[in-house]
Amino acid sequence: MNEDDTDPSATLAAGLDLAVQRFRGRLRVEGLRLPVPWTRSQLVALDRIVRGSAVTTSELAAAEHMRPQSMAQIVSALERDGLIERRPDPADARRSLIEPTGKGRDAVRTASALRNTWLADALDQELSDEERELVPKLIEVLDRLASTRTARSRPAAPWPPADR
């Protein structure tokens, strides 16, 4: 298959995937510079807990596209550090609901402010006024793509790829 035969959506998807990976990598690097003792995964989960309503570990894992076992480890670390607390679910006593503590809310506020300082500086220094005007729409599109439940309509490419 030559470049002219490539599905335009697949080409767009590959470019978007690479750009998002690079952007996430940069955010990860900037996150490592934060003077906080929590991992990026812990901060992302804590941020979702703080910004949402009481949630179960399974619901949190699904929202973050993670395995429940991985999220359980993150939740345990957050609880150990006093950033969240669990309480029985009034609708189902077998389940626990996770809620942030005051310390957890403060941690999210601090980490967000520090991380957003870098991103705000990058937006100011690297983007033209016209590009900055596109950012709200970009956020909307990325959020929509992140929450889509579209069934896979394209066959997966064989692995390893066939020789050309």
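The numbering of the sequence shown is this note's numbering, which starts it at 2 and goes up by one. Using N, Cα and C, we set each Cβ at its ideal position, and we do this for glycine too. Keep in mind the model is a prediction, meaning the values are calculated, not measured.
Rounded C-alpha distance that separates Leu13 from Arg23: Distance between the alpha carbons of Leu13 and Arg23 is about 15 Å.
Which of helix, strand or coil DSSP assigns to Ala94: In the three-state scheme derived from DSSP, where H, G and I count as helix and E and B as strand, Ala94 is classed as strand.
Own chain residues within Cβ distance below 7 Å of Asn3, not counting five before or after: Confidence in Asn3 is poor, its pLDDT being 49 and thus under 50, which makes the residue's placement too unreliable to answer from.
Sub-8 Å separation of Ile85 and Ala55 beta-carbons: Cβ distance not < 8 Å, so Ile85 and Ala55 don't count as in contact.
Alpha-carbon spacing of Arg87 relative to Gly105, whole angstroms: Going from the Cα of Arg87 to the Cα of Gly105 covers about 13 Å.
Distance CB(Leu47)-CB(Pro101) smaller than 8 Å: When the beta-carbon positions are compared, Leu47 and Pro101 come within less than 8 Å of each other.
Residue span of the alpha helix (DSSP H) that contains Ser113, given as start and end: 103 to 127 is the span of the alpha helix (DSSP H), which, as asked, contains Ser113.
Distance between Ser10 and Glu60 (C-alpha atoms, nearest Å): Rounded to whole angstroms, Glu60 to Ser10 spans 31 Å at the Cα level.
Contacting residues, own chain, Cβ-Cβ under 6 Å from Ser113 (five flanking each side not counted): Non-local C-beta neighbours of Ser113 in its own chain, meaning closer than 6 Å and more than five positions away in sequence, are absent.
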